[in-house]
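Enquirer: Residue numbers (the numbering used here), protein chains in the order written: chain L, 1 to 140; chain C, 141 to 280; chain Y, 281 to 361; chain H, 362 to 442.
Using N, Cα and C, we set each Cβ at its ideal position, and we do this for glycine too.
None of the values given here were measured: they were computed from a predicted structure.
This structure is in structure tokens; I'll ask about it shortly.
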Amino acid sequence: MHVKIVTQKIDTEKLIKLVEADSVGAIDVFLGTVRNNANGKNVLSLEYHCYEAMAQKKLEEIVTQCYKNFEVEKIAVEHRTGHLKIGEVSVVIAVSSPHRAASFEACRFVIETIKKSVPIWKKEYFEGGEIWVEGYSPEV
Amino acid sequence: MHVKIVTQKIDTEKLIKLVEADSVGAIDVFLGTVRNNANGKNVLSLEYHCYEAMAQKKLEEIVTQCYKNFEVEKIAVEHRTGHLKIGEVSVVIAVSSPHRAASFEACRFVIETIKKSVPIWKKEYFEGGEIWVEGYSPEV
Amino acid sequence: MKVKVLFFAIYKELAGTSKIELEIPENTNGNGLLEILETKFPELKKLRNVGKLAVNLNYVPLETVLSNGDEIAFIAPVSGG
Amino acid sequence: MKVKVLFFAIYKELAGTSKIELEIPENTNGNGLLEILETKFPELKKLRNVGKLAVNLNYVPLETVLSNGDEIAFIAPVSGG
Numbered sequence: 001m002h003v004k005i006v007t008q009k010i011d012t013e014k015l016i017k018l019v020e021a022d023s024v025g026a027i028d029v030f031l032g033t034v035r036n037n038a039n040g041k042n043v044l045s046l047e048y049h050c051y052e053a054m055a056q057k058k059l060e061e062i063v064t065q066c067y068k069n070f071e072v073e074k075i076a077v078e079h080r081t082g083h084l085k086i087g088e089v090s091v092v093i094a095v096s097s098p099h100r101a102a103s104f105e106a107c108r109f110v111i112e113t114i115k116k117s118v119p120i121w122k123k124e125y126f127e128g129g130e131i132w133v134e135g136y137s138p139e140v
Numbered sequence: 141m142h143v144k145i146v147t148q149k150i151d152t153e154k155l156i157k158l159v160e161a162d163s164v165g166a167i168d169v170f171l172g173t174v175r176n177n178a179n180g181k182n183v184l185s186l187e188y189h190c191y192e193a194m195a196q197k198k199l200e201e202i203v204t205q206c207y208k209n210f211e212v213e214k215i216a217v218e219h220r221t222g223h224l225k226i227g228e229v230s231v232v233i234a235v236s237s238p239h240r241a242a243s244f245e246a247c248r249f250v251i252e253t254i255k256k257s258v259p260i261w262k263k264e265y266f267e268g269g270e271i272w273v274e275g276y277s278p279e280v
Numbered sequence: 281m282k283v284k285v286l287f288f289a290i291y292k293e294l295a296g297t298s299k300i301e302l303e304i305p306e307n308t309n310g311n312g313l314l315e316i317l318e319t320k321f322p323e324l325k326k327l328r329n330v331g332k333l334a335v336n337l338n339y340v341p342l343e344t345v346l347s348n349g350d351e352i353a354f355i356a357p358v359s360g361g
Numbered sequence: 362m363k364v365k366v367l368f369f370a371i372y373k374e375l376a377g378t379s380k381i382e383l384e385i386p387e388n389t390n391g392n393g394l395l396e397i398l399e400t401k402f403p404e405l406k407k408l409r410n411v412g413k414l415a416v417n418l419n420y421v422p423l424e425t426v427l428s429n430g431d432e433i434a435f436i437a438p439v440s441g442g
């Protein structure tokens, strides 16, 4: 398992290499990118803050759960924090598995669970203001 | 739309770049890789043959259907043919979309449909023999 | 009339060639062409009921009547990806 | 007893600080700590009923009784990814 909170550009190719293995037939990779609009507003940039120690722990828990729930081979996740421009990549999740269904399902599970329970927050900067984006309320 | 049958190593990073756009919030990338086993046999390598003109046409039809069925932004697909070693990448599908569900669903749709209807065949080389893999019968 | 038949993968191995041009009677359909091919390449009988018919890059039913100049292939179950 | 409270994102902006160390009575729970914090940082009242309680990197119910040395954070609805 490779799980990391980073402040620099994520190297997607590196994460893919990390999940390669001879027993692997499928790799699914998800990239979250900064979109130029949200709720009808023109977004100029996004700022990601995080509770780093807890985010790291939660990400590791999510990946551990994936290994239990899906027939996956290897998982690599990096989430970037700081101020990101439009088009920049905020998160990369790479999952490898012998058969393709598991890669797709586990990769989707990781991003959905990140958005529900990992203490990372983003602030949108748009023309005329800034706002903390309200996401899911993490379940206790 | 970028759709190509190639005989050399696929450049995943290039395909990802091709689907980037300011309006994109999610990119899903699927890589098919050559696995070292199948049906309990030790696989040594795979050889991909294809009916190139028809495969190209079918891939373009699949991508066109994706643009209709899913809220995706851009799609790039390359399928490699020839003799591939264990671990090498046979196909890469990159799909971008404003919201993540569409990327995952369209990417999955492309690979499932390739496996059902695109005239590409693989032969497994294993210890002591070789065999054409029987896939789906394409529906008329 | 004249048609072009392409062989791929298992078809190519059994026919021993990747392509032939063939004179066939007017109104021959896919099934009829297959019978002609099985006479020329008896090994192809091993694939009976296996292949789908493609004419000019599209899948069509085996009952489809062929036309002069058609590019034809029998498509074994595909296994790409 | 002494606890450490961390503030992130909207909590940090409203509290005007990212961290404080605090003396609180024995047997204080999450709700009790929140009341103490709202007295020190009245702006935090704006977030009442918004945050989940995290103690030592785990989400726990607001009724959880705190211990000396705990690292505590109130987690606004997350929006990463």
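In this structure, does DSSP put H:Phe368 in helix, strand or coil?
Expert: Numbered from 1 along the fourth sequence, position 7 holds the residue referred to as residue 368 of chain H. Correct three-state label for H:Phe368: coil.
Enquirer: Between L:Lys116 and L:Arg108, what straight-line distance do the alpha-carbon atoms span, to the nearest angstrom?
Expert: Position 116 of the first sequence, counted from the first residue, corresponds to residue 116 of chain L. Position 108 of the first sequence, counted from the first residue, corresponds to residue 108 of chain L. One C-alpha to the other measures close to 12 Å.
Enquirer: Go through its chain and collect everything with a Cβ distance to Y:Gly239's Cβ below 6 Å, but skip five positions before and after it.
Expert: Residue 239 of chain Y lies beyond the residue range present for chain Y, which begins at 281 and ends at 361; the question has no answer from this structure.
Enquirer: Please tell me whether C:Cys285 has its Cβ less than 9 Å away from any Cβ of chain Y.
Expert: With chain C represented from 141 up to 280, any question about residue 285 of chain C goes unanswered, as that position is not in the structure.
Enquirer: Report the neighbours of Y:Phe412 on chain C: residues whose CB is nearer than 8 Å to its CB, in chain order.
Expert: With chain Y covering only 281 through 361, there is no way to say anything about residue 412 of chain Y.
Enquirer: Please state if the CB of C:Phe170 and the CB of L:Val29 are separated by a distance shorter than 9 Å.
Expert: Residue mapping note: residue 29 of chain L aligns to position 29 of the first sequence, counting from 1. Residue mapping note: residue 170 of chain C aligns to position 30 of the second sequence, counting from 1. Their beta carbons are under 9 Å apart, which means L:Val29 touches C:Phe170 by this criterion.
Enquirer: CA-CA distance, L:Glu88 and L:Ala38?
Expert: Reading the first sequence from its first residue, position 88 is the one you call residue 88 of chain L. Reading the first sequence from its first residue, position 38 is the one you call residue 38 of chain L. So the two alpha carbons sit approximately 16 Å from each other.
Enquirer: Is there a C-beta anywhere in chain H that falls below 9 Å from the one on L:Gly32?
Expert: Position 32 of the first sequence, counted from the first residue, corresponds to residue 32 of chain L. By this cut-off, L:Gly32 is an interface position.
Enquirer: So does H:Val416 have its beta carbon nearer than 8 Å to some heavy atom of the ligand ATP?
Expert: This structure lacks the ligand ATP; in fact it carries no ligand of any kind.
Enquirer: Using a Cβ cut-off of 9 Å (strictly closer), state whether H:Ser440 contacts chain L.
Expert: Along the fourth sequence, read from residue 1 onward, the residue named residue 440 of chain H stands at position 79. Output row for H:Ser440: interface = yes.
Enquirer: Residues of the stretch 219 to 243 of chain C with a CB closer than 7 Å to any CB of chain L: list them in chain order, please.
Expert: Within the stretch 219 to 243 of chain C, the qualifying residues are Ile226, Gly227, Pro238, Arg240.
Enquirer: Taking the alpha-carbon of C:Asp162 as reference, which of C:His239, C:Val273, C:Tyr265, C:Met194 has the nearest alpha-carbon?
Expert: Working through the second sequence from its first residue, we reach residue 162 of chain C at position 22. Ranking C:His239, C:Val273, C:Tyr265, C:Met194 by Cα distance to C:Asp162 puts C:His239 first.
Enquirer: Using a beta-carbon distance below 9 Å, is Y:Asn309 in contact with chain C?
Expert: For this step, residue 309 of chain Y is matched to residue 29 along the third sequence. Output row for Y:Asn309: interface = no.
Enquirer: Mind the definition here: the stretch 8 to 24 of chain L touches the stretch 150 to 158 of chain C only if three or more C-beta pairs lie below 8 Å; say whether that holds.
Expert: In short, these stretches touch, since the Cβ pair count reaches three.
Enquirer: In this structure, what does DSSP give as the bridge partners for Y:Tyr339?
Expert: Residue 339 of chain Y sits at position 59 when you count from the first residue of the third sequence. Partner(s): Y:Ala334.
Enquirer: So, with DSSP's three-state summary, where would you put Y:Ser359?
Expert: Within the third sequence, the letter at position 79 stands for residue 359 of chain Y. In this structure, Y:Ser359 counts as coil in the three-state DSSP scheme.
Enquirer: Excluding five sequence neighbours on each side, which residues of the same chain lie with their C-beta closer than 8 Å to the C-beta of L:Val72?
Expert: On the first sequence, position 72 is the one that residue 72 of chain L refers to. Correct list, in chain order: Cys66, Val95, Ser96, Ser97, Ala102, Ser103, Ala106.
Enquirer: Which two residues bound the contiguous beta strand (DSSP E) that contains L:Gly82?
Expert: One-based indexing of the first sequence puts residue 82 of chain L at position 82. Counting along the chain, the beta strand (DSSP E) containing L:Gly82 begins and ends at 82 to 85.
Enquirer: Could you work out which residues of chain Y lie near C:Met141, taking near to mean beta carbons separated by less than 8 Å?
Expert: As a position in the second sequence, residue 141 of chain C is number 1, starting the count at 1. Neighbours of C:Met141 on chain Y: none; closest Cβ ~17 Å, over 8 Å.
Enquirer: At the level of alpha carbons, what is the spacing between H:Glu458 and C:Val164?
Expert: The question about residue 458 of chain H has no answer here: the residues shown for chain H are numbered 362 through 442.
Enquirer: Whose C-alpha, out of Y:Gly331, Y:Ile352, Y:Asp350, is nearest the C-alpha of C:Tyr276?
Expert: Sequence index remark: in the second sequence, residue 276 of chain C carries index 136 (1-based). Nearest of Y:Gly331, Y:Ile352, Y:Asp350 to C:Tyr276, Cα basis: Y:Gly331.
Enquirer: When you compare only the Cα positions, how much space is there between H:Ile371 and L:Trp132?
Expert: Taking the first residue of the fourth sequence as position 1, residue 371 of chain H is located at position 10. Taking the first residue of the first sequence as position 1, residue 132 of chain L is located at position 132. If I take the Cα positions, the gap works out to 7 Å.
Enquirer: Tell me whether the beta-carbon of C:Val231 lies closer than 9 Å to the beta-carbon of C:Gly180.
Expert: Walking along the second sequence from the start, residue 231 of chain C turns up at place 91. Walking along the second sequence from the start, residue 180 of chain C turns up at place 40. Against a cut-off of 9 Å, the Cβ pair of C:Gly180 and C:Val231 comes out as no contact.
Enquirer: So that I know if they touch, is there some Cβ in chain Y lying closer than 9 Å to that of C:Lys197?
Expert: Your numbering for residue 197 of chain C matches position 57 in the second sequence. Cβ-Cβ to chain Y under 9 Å: yes for C:Lys197.
Enquirer: Report the CB separation of Y:Phe287 from C:Pro259 in whole angstroms; it is logged as a contact under 8 Å.
Expert: Mapped onto the third sequence, residue 287 of chain Y falls at position 7. Mapped onto the second sequence, residue 259 of chain C falls at position 119. No, Y:Phe287 and C:Pro259 are not in contact; Cβ-Cβ is about 12 Å, not under 8 Å.
Enquirer: If we count the other Cβ atoms within 10 Å of its Cβ and call it buried at 16 or more, is Y:Arg328 buried or exposed?
Expert: Along the third sequence, read from residue 1 onward, the residue named residue 328 of chain Y stands at position 48. It is exposed - the Cβ of Y:Arg328 has fewer than 16 other Cβ atoms within 10 Å.
Enquirer: Can you name the residues that DSSP bridges to C:Cys190?
Expert: Your numbering for residue 190 of chain C matches position 50 in the second sequence. Per DSSP, C:Ile260.
Enquirer: Rounded to whole angstroms, what is the Cα-Cα separation between C:Lys214 and H:Ala376?
Expert: As a position in the second sequence, residue 214 of chain C is number 74, starting the count at 1. As a position in the fourth sequence, residue 376 of chain H is number 15, starting the count at 1. Near 43 Å, if we compare the C-alpha coordinates of H:Ala376 and C:Lys214.
Enquirer: Look at L:Arg80 and L:Val3 and say whether their C-beta atoms are less than 9 Å apart.
Expert: Stepping through the first sequence from its first residue, residue 80 of chain L is reached at position 80. Stepping through the first sequence from its first residue, residue 3 of chain L is reached at position 3. No, they are not a contact pair.
Enquirer: Verify the CB distance criterion: does L:Thr12 have a CB-CB separation below 9 Å to chain C?
Expert: In the first sequence, the residue the question calls residue 12 of chain L occupies position 12. Output row for L:Thr12: interface = yes.
Enquirer: Report the start-end ranges of each alpha helix (DSSP H) in the stretch 372 to 402 of chain H that is 4 residues or longer and not cut off at the edges.
Expert: Those alpha helix (DSSP H) runs which fall completely within the stretch 372 to 402 of chain H and span 4+ residues are 391 to 401.
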